[in-house]
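Chains as they are written, first to last, in our numbering: chain A, 1 to 270; chain B, 1 to 329; chain C, 1 to 267. Backbone N, C-alpha and C define an ideal beta-carbon position, used for all residues, glycine too.
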Amino acid sequence: MAAPLALLLLFFALPNALLLSASFVKSEAQQLTHELTLENYQFLFTRPLYIWAFVRTFIVGVSVGLIDVVLGYPLAYFLVRTRSRWKGVLIALALAPLLASVVVRTYGWYIILNRFGVANDLLLALGAIDERIAFMPSTGAIVIGLAHALLPYTVLTIMGSLQGINPNLELAAMSLGANRVRTFFDVVLPLSFPGIAGGFILSFSIAISAYATPAILGGPATQVMATAIYGFMTQLLDWSIGAALAVILVVCAVALAYVAARIGARQGAL
Amino acid sequence: MAELRLEKLEKRYGATVAVAGIDLAVREGEFMTLLGPSGCGKTTTLGLIAGFFRPSAGSIFIGGKAVAELPPFRRDIGVVFQDYALFPHLTAAENVGFGLRMRKLSTAETATRVREALELVQLGQLGERRPLELSGGQRQRVALARALVIRPTVLLLDEPLSNLDLKLREEMRVEIAGLQRRLGITTVFVTHDQGEALVMSDRVAVMNAGRIEQVGSPSEIYERPTTRFVAEFIGRMNFFAEGGRPVAIRPERARLSTQAPADGFARRGTVQQVLYLGGALEYRLELADGERAVVEVPNDGAAPRYAEGSAVWFSATRESCYEIPARRP
Amino acid sequence: MKPWAALRAVVMAIYVFMLGPIVITAAVSFNQSNRSQFPPRGFSLQWWQRAFSAEWVDPLVFSLKLGLLAALISTLLALPLAFALARHRFAGRDALAALTLGPLMLPALVTGVGLLQLFQYAGAREYIGFTALLIGHVVICLPFAVRTIAISLQTLPPNVELAAASLGASRAAALWHVVLPLIKTGIVAGAVFAFVHSFTDVNLSLFLARPGEQPITVKILGFLEYGFAPTLAAVSVITLLLPLVLVVIVERVSGLGDFIYASRSRG
Chain A
1 MAAPLALLLL
11 FFALPNALLL
21 SASFVKSEAQ
31 QLTHELTLEN
41 YQFLFTRPLY
51 IWAFVRTFIV
61 GVSVGLIDVV
71 LGYPLAYFLV
81 RTRSRWKGVL
91 IALALAPLLA
101 SVVVRTYGWY
111 IILNRFGVAN
121 DLLLALGAID
131 ERIAFMPSTG
141 AIVIGLAHAL
151 LPYTVLTIMG
161 SLQGINPNLE
171 LAAMSLGANR
181 VRTFFDVVLP
191 LSFPGIAGGF
201 ILSFSIAISA
211 YATPAILGGP
221 ATQVMATAIY
231 GFMTQLLDWS
241 IGAALAVILV
251 VCAVALAYVA
261 ARIGARQGAL
Chain B
1 MAELRLEKLE
11 KRYGATVAVA
21 GIDLAVREGE
31 FMTLLGPSGC
41 GKTTTLGLIA
51 GFFRPSAGSI
61 FIGGKAVAEL
71 PPFRRDIGVV
81 FQDYALFPHL
91 TAAENVGFGL
101 RMRKLSTAET
111 ATRVREALEL
121 VQLGQLGERR
131 PLELSGGQRQ
141 RVALARALVI
151 RPTVLLLDEP
161 LSNLDLKLRE
171 EMRVEIAGLQ
181 RRLGITTVFV
191 THDQGEALVM
201 SDRVAVMNAG
211 RIEQVGSPSE
221 IYERPTTRFV
231 AEFIGRMNFF
241 AEGGRPVAIR
251 PERARLSTQA
261 PADGFARRGT
271 VQQVLYLGGA
281 LEYRLELADG
291 ERAVVEVPND
301 GAAPRYAEGS
311 AVWFSATRES
321 CYEIPARRP
Chain C
1 MKPWAALRAV
11 VMAIYVFMLG
21 PIVITAAVSF
31 NQSNRSQFPP
41 RGFSLQWWQR
51 AFSAEWVDPL
61 VFSLKLGLLA
71 ALISTLLALP
81 LAFALARHRF
91 AGRDALAALT
101 LGPLMLPALV
111 TGVGLLQLFQ
121 YAGAREYIGF
131 TALLIGHVVI
141 CLPFAVRTIA
151 ISLQTLPPNV
161 ELAAASLGAS
171 RAAALWHVVL
181 PLIKTGIVAG
191 AVFAFVHSFT
201 DVNLSLFLAR
211 PGEQPITVKI
221 LGFLEYGFAP
231 TLAAVSVITL
241 LLPLVLVVIV
251 ERVSGLGDFI
261 YASRSRG
C-alpha cells in the first residue's frame, strides 16, 4: 500500500504542485527564478495569439462534443437495441478504433485531407472543384479529426445511459397509445439526457487537452492550448508560461470533471 | 456436539442497540430457533455466535470454552447463509470440500466425506456442477452439505429457507429437522416464519427489539405465551377484558353459533368477512361492543357456514381462555 | 421508411465515417508509388518491408516492452489501492480516491509536462527516456487497473468471505482461495486496459522521450512532416493490429466483455 501511495504522491501530486508554483514564478533565460509574479498569466491573457488559442480550443471542444453526440446517439441507440446476431461484432467494431493511437487515427485524416489526398482526388474526379483545396491545416480539419477520434467514448457513455433505462417504461408508453417514434421522443430521449450530457462533456474535455490531432491537422496559425504548451516547453523554453497554460488547462479539466460527476450523480434509473 | 451458552450478550452500533443483553443456553444436540420479526436482533445474534462481529459486551461459550475473542475460522462452526454464499468459481463438490481443505484433510478422505455429504442431501449426482447450473433448492442443499461435512460443534442457519417457494420450503423443513436429529449437532436456526419454528424446533426463543421474550418448546410458546408480543407473534390471538382480567383466545379455540352457549366466554357479533383458506374458514367478526374477533373453523364439511352480515355468537370454553401472566419484574 | 430502417441507414453511414480512415490508411500502405493515393494505384509490399526494418521495429519493440512492464506494475500496485478504496471506510478515503483517479481526470499532457519539470529540477535528466516513460505510464495507467479491480470487488457475491471464514479459512486463505479467483477478470481487464493505454499514449510520451528511446507513437508523429506516406501507413496498421490481437487473445482466455461498458477512459 505504501508503494502505490508513494508513487502517486511523488510522481503525480508533486509534479502538479511544481507546475502550479512554476506558473507563479518568473522565468529568465530558460531558468526559473524565485520571483513571484502574475506576469505569466498576464502574458497569456493579453496576447492575441494566445487568446485565440483559448478561443479556438473552446470552439473545437464544443464542436467536437456536439458532433460526437449527434453521431454517437443514433449509433449507441442502435447498438443497445439491435437484435442482430452481429451485435457483438458491431459493438467491437465501434470500439476497436480505440485500440489505435490517436496519432494513427489522425494520420488517416491527414491522408484524406491533405492537398494531394483522397478528398481532393475525389472532389476533382467528381468535377465538384477545379483546383485542389487546402483542407488542412485548419481548425475545421482539427474538428473533424478529433470528432472522429473521440466518437467511441461518446458512444460508450450514451450506451451506458441507455442501458440503465427500464425497458418497461417504453412498454408502458406504448400501452398508453404512443407509437414508436413518440415513445422515443417523449420517453427515451428525455431519460437519456444525462448520458448525452456526459458524452458531450467527455468528448469536450478530451478534445480541449488534445495534442496530436491539432499538431497534425493544424499548424502555427491554428494553435490550441495543448500545442501552445508544447511550444513553450520544448521550443520557446519558457517553462513558467508553459506551466501557467498547463494550470489553466487543469482548472478547466477539473471543473468539467466536477460537472460530469454532478450529472452522473443525478442519473437515477426509474 | 456441545452446549452453547450466551451470557449477557450485547451488540451496539453507535446509538442503536441490536442485541440488548440476552442469556440463552442451548443444550447439546438441541435444535434451538431464534424467532422474531425483522430487526429483532436474531440475525445479529447468530452473527455474534459465528464470530462475524465482536460483541459489545457479554460472553459466548461453546462447549464451555469462551469464544467471543476468536475469529470465525477458529470456532469450529458450520454456517448456512440465507443467500447460500456458495463459491461461484468452484463446483458443488469443491464447495462442499472447502472446509475439509482448510482443515488439511487428505485428498482421498476429502473425496470420501464430500461424497457422503452430497448423498446425505440427495445431490449425489450433481457434484461436478457449478452453483450457476443448480436450482435454488439444489444450491440450498449444497450449502447445507458444505456446513455439515466438517462435523461442526455448532450448526448455524440464517433463514436458509426464505428464498425457496412454499412447497419446497415445507419439504426442506422436515428434511433439515430430520437430518439434525440424526446427526445430533447442536443447532441454532434463525427465522421470522413461525410455522418453521414450530415444526422444526426442540425449543424456540422468541425475540423482539434485541431481547428474548420467551424461551420454550413449541407447544409452550403457542399455548402458554408469557407476553402479549409472543401471543400475537405466533399465530393470531383474540384479546378481551372479562371482569377486569385480560383474556386471550386463539381463533381455532373459539366457536360460532346462532344461539348463546350455556357457559364459558361469550359475546354477540356480526360476521364482517369470510375468508376461504382451503383447509379452514376464517370468520372476521365485529362484536357488540365494537371489538374485533377472528374465528377459525376447520373445513370439515359438517360445520355450519355463516354468511357475511349474519348475527352470531362468539364463544369459548373456560379452558380455552388463557390469561397472559403479569410481567415479571 | 420505417423508423428502424432509417436508423439502420444512418448507422451504416456513421460506420463508414468511423472506419473509413482506417481502411484508407491500410489501403494506402499497399500503394505502388510513395504517395497517399486512394484508391491505391498498383500494389506493392515494399513499404511493408520498410515497416519491418530496424528503424520502425525498434520503437515498436520499445513500446511493447514499455507497455507490458507498465501494465504489470500498474496492476500490481492497483491491488492494494483497489482493496482499500472498495472495502474500507477511513478518514481520507475521498482524498485517496481523488489522488488515484487524478491521472485519469487530468490531461496526460499536463502529467507529462509536470514529470519533465520534476526530472529536470531533481537533476535526474539522465532518467528521461525509458525510466521516466515507465514511471509516467504507470501513473496514468494505474487508475484503469484500480477501477476495474474495484468494480470486481464490488460485484463479489456477498457473504462468500464470511462463508470461507466459517469453514475455517483464515483471512489470507480466504483471500487466496476465494477473493482472488473471483476478481481474476477484473485484474486481467485492468492489465489489458493499462497496456493499451500505454501503447497508444502520445501526450505524455511526447515530453519524456529522447532520441533512441521513443515509443512508436512519438516516432510516427515525428515523421509525419516528411511524407513517406505508405510506410507510415503500414506502421500505423501494425500498431493497430498489435493491441487488437492481444485483446482478442485475452478475451478468448478470460471473457472481457462485461468490462467494456464499465470503462470510461481518456485519450
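query = So which residues of chain C does residue 121 (chain A) contact, with C-beta pairs closer than 8 Å?
reply = By one-based count along the first sequence, residue 121 (chain A) stands at place 121. What residue 121 (chain A) touches in chain C: 37 and 38.
request  = Look at residue 60 (chain B) and residue 156 (chain B) and say whether their C-beta atoms are less than 8 Å apart.
outcome  = Taking the first residue of the second sequence as 1, we reach residue 60 (chain B) at position 60. Taking the first residue of the second sequence as 1, we reach residue 156 (chain B) at position 156. No, they are not a contact pair.
ask   = Any idea what DSSP makes of residue 136 (chain A), helix, strand or coil?
value = Numbered from 1 along the first sequence, position 136 holds the residue referred to as residue 136 (chain A). Note: residue 136 (chain A) maps to coil in three-state DSSP.
query = With 8 Å set as the bound, which would you pick, yes or no: does the beta-carbon of residue 42 (chain C) sit closer than that to a beta-carbon of chain A?
reply = Here the question's residue 42 (chain C) lines up with position 42 in the third sequence. Chain A places no beta carbon closer than 8 Å to that of residue 42 (chain C), leaving this residue out of the contacts.
query = Taking Cβ positions, are residue 63 (chain C) and residue 141 (chain C) nearer each other than 8 Å?
reply = Translated into positions along the third sequence, residue 63 (chain C) becomes position 63. Translated into positions along the third sequence, residue 141 (chain C) becomes position 141. No, Cβ-Cβ distance for residue 63 (chain C) and residue 141 (chain C) is not below 8 Å.
message = When you compare the CB of residue 166 (chain A) with every CB in chain C, is at least one pair closer than 8 Å?
response = In the first sequence, the residue the question calls residue 166 (chain A) occupies position 166. Judged by the 8 Å Cβ criterion, residue 166 (chain A) is not in contact with chain C.
task = Give the interface partners of residue 11 (chain A) over in chain C, defined as CB-CB distance under 7 Å, in chain order.
result = For the purposes of this step, residue 11 (chain A) is taken as residue 11 along the first sequence, with counting starting at 1. Within 7 Å Cβ-Cβ: 115, 135 and 139.
query = Using CA coordinates, which residue listed in A:197, A:217 and A:45 is at the minimum distance from residue 65 (chain A)?
reply = As a first step, residue 65 (chain A) is located in the first sequence; it is residue number 65 there, counting from the start. For the residues A:197, A:217 and A:45, the minimum Cα distance to residue 65 (chain A) belongs to A:197.
Within-8 Å CB hit, residue 254 (chain C) to chain B = For the purposes of this step, residue 254 (chain C) is identified with residue 254 of the third sequence, where counting begins at 1. No, its Cβ sits nowhere closer than 8 Å to a Cβ of chain B.
key: Min CB distance residue 81 (chain C) to chain B below 8 Å   = Working through the third sequence from its first residue, we reach residue 81 (chain C) at position 81. No, because no Cβ of chain B sits closer than 8 Å to the Cβ of residue 81 (chain C).
key: Whole beta strand (DSSP E) elements within the region 68-126 of chain B, 3-residue minimum   = 77-80
message = Closer than 7 Å between beta carbons: that is the criterion. Which residues of the region 47-59 of chain B meet it against chain C?
response = 50 and 52
ask   = Can you list the residues of chain C that residue 216 (chain A) reaches, using a CB-CB cut of under 7 Å?
value = Sequence index remark: in the first sequence, residue 216 (chain A) carries index 216 (1-based). For the C-beta of residue 216 (chain A), the chain C residues within less than 7 Å are, from N- to C-terminus, 224.
ask   = Is the beta carbon of residue 77 (chain B) sitting closer than 8 Å to the one on residue 153 (chain B)?
value = Here residue 77 (chain B) refers to the residue found at position 77 of the second sequence. Here residue 153 (chain B) refers to the residue found at position 153 of the second sequence. Yes, they are a contact pair.
ask   = For residue 114 (chain B), which of B:321, B:141 and B:45 has the nearest alpha-carbon?
value = As a first step, residue 114 (chain B) must be located in the second sequence, where it is residue number 114. Comparing Cα-Cα distances from residue 114 (chain B) to each of B:321, B:141 and B:45, the minimum goes to B:141.
query = If we ignore side chains and look at the alpha-carbon of each, how far apart do residue 318 (chain B) and residue 241 (chain B) end up?
reply = Here residue 318 (chain B) corresponds to residue number 318 of the second sequence, with the count starting at 1. Here residue 241 (chain B) corresponds to residue number 241 of the second sequence, with the count starting at 1. Each residue's Cα considered, the two are about 14 Å apart.
query = Looking at the unbroken beta strand (DSSP E) that takes in residue 237 (chain B), where does it start and where does it end?
reply = Reading the second sequence from its first residue, position 237 is the one you call residue 237 (chain B). Premise fails: residue 237 (chain B) is in no beta strand (DSSP E) and is neither H nor E.
task = Take residue 71 (chain B) as the anchor and find which of C:184, C:238 and C:163 has the nearest alpha-carbon.
result = Locating residue 71 (chain B) in the second sequence gives position 71, counting from the first residue. Taking only the C-alpha atoms, the option nearest residue 71 (chain B) is C:163.
key: Same chain, Cβ closer than 6 Å to residue 310 (chain B), five either side skipped, listed in chain order   = Looking up residue 310 (chain B) in the second sequence gives position 310. Excluding positions up to five away in sequence, the list reads 271.
request  = For residue 103 (chain B), go through chain C and note every residue whose CB falls closer than 7 Å to its CB, in chain order.
outcome  = Taking the second sequence and counting its residues from 1, one reaches residue 103 (chain B) at position 103. Under the 7 Å cutoff, chain C gives 168.
key: Inter-residue CB distance, residue 263 (chain A) and residue 246 (chain A) (contact presumed, cutoff 8 Å)   = Working through the first sequence from its first residue, we reach residue 263 (chain A) at position 263. Working through the first sequence from its first residue, we reach residue 246 (chain A) at position 246. Actually they do not touch by this definition, with Cβ atoms about 26 Å apart.
task = Give the single residue among C:182, C:5, C:7 and C:170 whose Cα lies nearest to the Cα of residue 104 (chain B).
result = Counted from its first residue, the second sequence places residue 104 (chain B) at position 104. Taking only the C-alpha atoms, the option nearest residue 104 (chain B) is C:170.
task = Can you give me, in chain order, the residues of the region 148-175 of chain B that have a beta carbon less than 7 Å from any beta carbon in chain C?
result = Among the residues of the region 148-175 of chain B, those with a Cβ less than 7 Å away from any Cβ of chain C are 150, in the order of the chain.
task = Excluding the 5 residues preceding and the 5 following residue 59 (chain C) in the sequence, name in chain order all residues of the same chain whose CB lies nearer than 6 Å to its CB.
result = What you label residue 59 (chain C) is simply residue 59 of the third sequence in a count that begins at 1. So the list reads 214, 216 and 219, once near-sequence residues are dropped.
key: Whole-angstrom distance between residue 43 (chain A) and residue 52 (chain A), CA atom to CA atom   = Residue 52 (chain A) sits at position 52 when you count from the first residue of the first sequence. Residue 43 (chain A) sits at position 43 when you count from the first residue of the first sequence. Whole-angstrom Cα-Cα distance: 13 Å.
request  = Indicate the three-state DSSP secondary structure (helix, strand or coil) for residue 276 (chain A) in the structure shown.
outcome  = What is shown of chain A runs 1 to 270, which leaves residue 276 (chain A) out entirely.
request  = Taking all protein chains shown into account, decide if residue 56 (chain C) is buried (16 or more other Cβ within 10 angstroms of its Cβ) or exposed.
outcome  = To locate residue 56 (chain C), count along the third sequence from 1; it is residue 56. By the neighbour-count rule (16 or more Cβ atoms within 10 Å), residue 56 (chain C) is buried.
query = So, does the CB of residue 59 (chain C) fall closer than 8 Å to a CB anywhere in chain A?
reply = Here the question's residue 59 (chain C) lines up with position 59 in the third sequence. No, no contact with chain A.
ask   = Exposed or buried, which one is residue 15 (chain B) when buried takes at least 16 other CB atoms within 10 Å?
value = Mapped onto the second sequence, residue 15 (chain B) falls at position 15. With fewer than 16 Cβ atoms within 10 Å of its Cβ, residue 15 (chain B) is classed as exposed.
request  = Please check the pair residue 170 (chain A) and residue 154 (chain A), which I expect to be a contact at CB under 8 Å, by giving their CB distance rounded to whole angstroms.
outcome  = The residue you call residue 170 (chain A) lines up with position 170 of the first sequence. The residue you call residue 154 (chain A) lines up with position 154 of the first sequence. Actually they do not touch by this definition, with Cβ atoms about 23 Å apart.
request  = Measuring alpha carbon to alpha carbon, tell me which of C:139, C:200, C:158 and C:237 ends up nearest residue 10 (chain A).
outcome  = Along the first sequence, read from residue 1 onward, the residue named residue 10 (chain A) stands at position 10. Considering only alpha carbons, the answer is C:139.
query = Comparing the C-beta of residue 266 (chain C) with each C-beta of chain A, is any distance below 8 Å?
reply = Within the third sequence, the letter at position 266 stands for residue 266 (chain C). Because residue 266 (chain C) sits at a pLDDT of 34, beneath the cut-off of 50, its placement in the model cannot be relied upon, and the following sentence gives the value as read from the coordinates. For residue 266 (chain C), the nearest CB of chain A lies under 8 Å from its own CB, placing it at the interface with that chain.
inquiry  = Check this for me: beta carbons of residue 76 (chain A) and residue 162 (chain A), under 8 Å apart or not?
reply    = Locating residue 76 (chain A) in the first sequence gives position 76, counting from the first residue. Locating residue 162 (chain A) in the first sequence gives position 162, counting from the first residue. Going by C-beta atoms, residue 76 (chain A) is nearer than 8 Å to residue 162 (chain A).
7 Å Cβ shell around residue 264 (chain B) - same chain, five flanking residues per side excluded = Sequence index remark: in the second sequence, residue 264 (chain B) carries index 264 (1-based). Around residue 264 (chain B): 315, 316, 317 and 318.
task = Flag this pair as yes or no: are the beta carbons of residue 137 (chain A) and residue 217 (chain A) separated by less than 8 Å?
result = Within the first sequence, residue 137 (chain A) is the residue found at index 137, counting from 1. Within the first sequence, residue 217 (chain A) is the residue found at index 217, counting from 1. Residue 137 (chain A) is a Cβ neighbour of residue 217 (chain A), given a cutoff of 8 Å.
Minimum C-alpha distance to residue 200 (chain C) - residue among A:71, A:74 and A:106 = The residue labelled residue 200 (chain C) in the question sits at position 200 within the third sequence. Checking every option, the nearest Cα to that of residue 200 (chain C) belongs to A:106.
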